[in-house]
Amino acid sequence: MIGEYLRVTAAQLDRAIHDPDWAWTFVEQVQDAEEESEPAPTAARHFSTYKTWDLLRFLLERAEFPVDVIHGEEPFAEQDNWGYGPPRYLPSERVRIAAHELRAITYDQLVSGIDPADLTKAEVYPLGWDEPGALEWGRHWHEGLTQFLEAAAAKDDAVLVWLD
């Protein structure tokens with residue numbers, strides 16, 4: 001399972017809400033276009049938290065993060081052919097809040113006081129938390145997600161969110 005994100009303009013979000021099949025086709029086009037160029041999170045339209053999505057969910061919930069950046073907040077399609085459950089989105093105003101709040105909390109703050117056994121006990125995907133340095137695995141993805149959402153906020157974009 002992989003956390004997936006796509007920045008969209010207001011017009012693209014409106015179209016996605018009214019035509020989820022178009023949205024899925026658009027997702028595939030953007031993913032294909034960016035696959036070879038691999039843009040930095042600040043320039044990308046598509047971003048993935050890879051398998052760290054559940055670690056980040058656990059850490060952000062523990063920190064009482066105000067925006068559900070892992071699953072999205074607003075449904076826009078009932079089909080679950082996007083992967084694991086139907087896709088959701090973050091409206092641009094929630095993207096701005098998320099970007100600001102992510103920048104304000106460091107990864108070190110998020111993992112402070114966490115024992116890898118806590119992650120195992122909570123059955124945080126993908127397991128294997130007893131490996132040395134397991135908590136460090138999420139640092140890169142936290143920073144990438146922060147940069148991605150900051151870039152989206154700067155353009156007043158919304159973000160589609162799904163687990164694939």
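Be aware that the sequence shown starts at 1, since it is given in the UniProt record's numbering, and climbs by one per residue.
Just so you know, even glycine gets a beta-carbon here, dropped at the ideal spot from N, CA and C.
Are there 16 or more other CB atoms within 10 angstroms of the CB of S112, so buried, or fewer, so exposed? exposed
Tell me which residues share the same chain as W82 and place their Cβ nearer than 6 angstroms to its Cβ, disregarding the 5 neighbours each side in the sequence. W162
Which residue comes first and which comes last in the alpha helix (DSSP H) that contains L55? W53 to R62
According to the Cβ coordinates, are H46 and L6 closer than 8 angstroms? yes
Residue span of the beta strand (DSSP E) that contains Y89, given as start and end: R88 to L90
CB of A98 within 8 angstroms of CB of V69, strictly: yes
Are the beta-carbon atoms of E4 and D164 separated by less than 8 angstroms? yes
Of all the alpha helix (DSSP H) runs that stay within the bounds of the segment 105 to 130, which reach a length of 4 or more residues? 107 to 111 and 116 to 121
From D19, V30 and A63, residue whose alpha carbon lies closest to that of F76: D19
Look at the Cβ atom of T49, then the Cβ atom of Q147, and state whether they are nearer than 8 angstroms. no
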